[in-house]
Structures are given as C-alpha cells and as structure tokens.
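K.L.:
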Amino acid sequence: MPAVTLRGEMPRRADAARNREHVLGIARAQVASGDDSLQLNTIARLAGVGVGTVYRHFPTRQALLEALAAEPLSELAERAETAATDADSEAALHELLRYALNRILRDSCLAAVLESAELEDPAVEKLKNRFDKALSALLRAGKRENRIRKDVRPADIRSLLCGVAHALQASPHTPKHARQYLQILTAGLAPS
C-alpha cells in the first residue's frame, strides 16, 4: 500500500505534483504583483490548466492562501523558537517582531493566515501553533522580568503585527515609518 501524507492523502503522481507547484507559482506571482484576490478561475487560466486541476489541489481560496503561507509561516515559527531560547527576552521579542513585520509586508498571505480564526490545513494550523507556543514562551519570560504587560497573549501580538502591516500598506511608507510603528507597538507592550 502506498504511503500516506501528513493530511492523510495518497502521495501525488509526479505530474499532479508539478501542476500543483505550477499553480502555486502563478498564485505567488499574482500576490507579489499586488493582486491577492486569488480567484481560482483566474489562477487556472493564467497557469494554463483546467479549473478542475486547481480545485483538486485547492478546493477553496483559503486552501490556496494557506498553501502559499506555509513556507513563510514555517520560517516565522523557526525564528520564534530560536528567539524563545534567547537570554535577553526583550531584545529577542523586538527582533522577532521586526522580522515578522517585514515578512508580513512581503507576503500578504502570511498576514491572512496569522489573522484567521480557523484554518483548513492541519499542517498550517500546526505551524501557527508552533509560532504561538514559541511566542508564548517569549512573552512569559518578558512578563517574569516585568518587561511585558501581564495581559498580552500571542493572539494580541499577531493582531497588532497585522494591524501595523495594514497601516503601512494603506499609505506610502518608508522604512522609517515601519521602525516608528514598531517602536510604538513595542512601547505598548511594556507594563505601565
């Protein structure tokens, strides 16, 4: 019997895997060009594949969005896990927030997944949980040192990061604006 993937699916045939990667590449290019609508029919047309091919791999827009966000979310989770082991929790948190904001600004799909209350792909949900777990450890360390407010949760950090990213994307901004907004965010995390 063939092996089963993480999602409990049968392994893909080579051509199906190539089609999936091609569709993801087209979707990635669309998002990079500023179009994050991810209309599956449009993606199929641009990829030169049938609509059924796209829907077979990504039954919903959310499924495609999550597939696009999986790699950057994995990188973000790894960064958070590394930051959680740093002896200087405050500096590690600030560096993680800077990295996360820059990553979100480059990839709107990541913001959408970080903001989502429910995810379709269990593997992406697991990545988000890894990020939250590491972020929670980092926040606990900061709270013990009385550098972080006691009421701050990982979900708050995710929402604030996405809010800052949205504010920066909504108007012309410079790296100076990004630093300023991030400083305001981190100042708000400090106990009063």
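Per full-length UniProt numbering, residue 1 is the first one in the sequence shown, and the count goes up by one each step.
Using N, Cα and C, we set each Cβ at its ideal position, and we do this for glycine too.
Being a predicted model, the structure only gives us computed values, none of them experimental.
1) Would the beta-carbon of L168 fall within 8 Å of that of L96?
2) State the CB to CB distance for the pair A47 and V23, rounded to an integer number of angstroms; the pair is presumed to be in contact (CB under 8 Å).
3) Whole angstroms is fine: what's the gap from R20's alpha carbon to E120's?
4) Counting pairs of beta carbons, one from the stretch 107-123 and one from the stretch 40-55, are three or more of them closer than 8 Å?
5) May I ask you to report which of helix, strand or coil DSSP gives A187?
6) Helix or strand or just coil, what does DSSP make of D15?
7) With DSSP collapsed to three states, give me the class of S37.
8) Say whether the stretch 126-136 touches the stretch 78-92, bearing in mind that this needs 3 or more beta-carbon pairs closer than 8 Å, one atom from each stretch.
9) Between P191 and P122, what straight-line distance do the alpha-carbon atoms span, to the nearest angstrom?
10) Do you know offhand how far H57's Cα is from L101's?
11) Name the two residues that bound the continuous alpha helix (DSSP H) containing T85.
12) State the CB to CB distance for the pair L138 and S171, rounded to an integer number of angstroms; the pair is presumed to be in contact (CB under 8 Å).
13) Do you know how far the Cα of A165 is from the Cα of Q183?
14) Hey, is S89's beta-carbon within less than 8 Å of any beta-carbon in chain D?
P.N.:
Quick answer:
1) no
2) 5 Å
3) 17 Å
4) no
5) helix
6) helix
7) coil
8) yes
9) 35 Å
10) 29 Å
11) Per DSSP, T85 belongs to no alpha helix (DSSP H) and is neither H nor E.
12) Contact doesn't hold; Cβ gap of about 30 Å is too wide.
13) 13 Å
14) Considering every chain present, this structure includes no chain D. It has just one protein chain.
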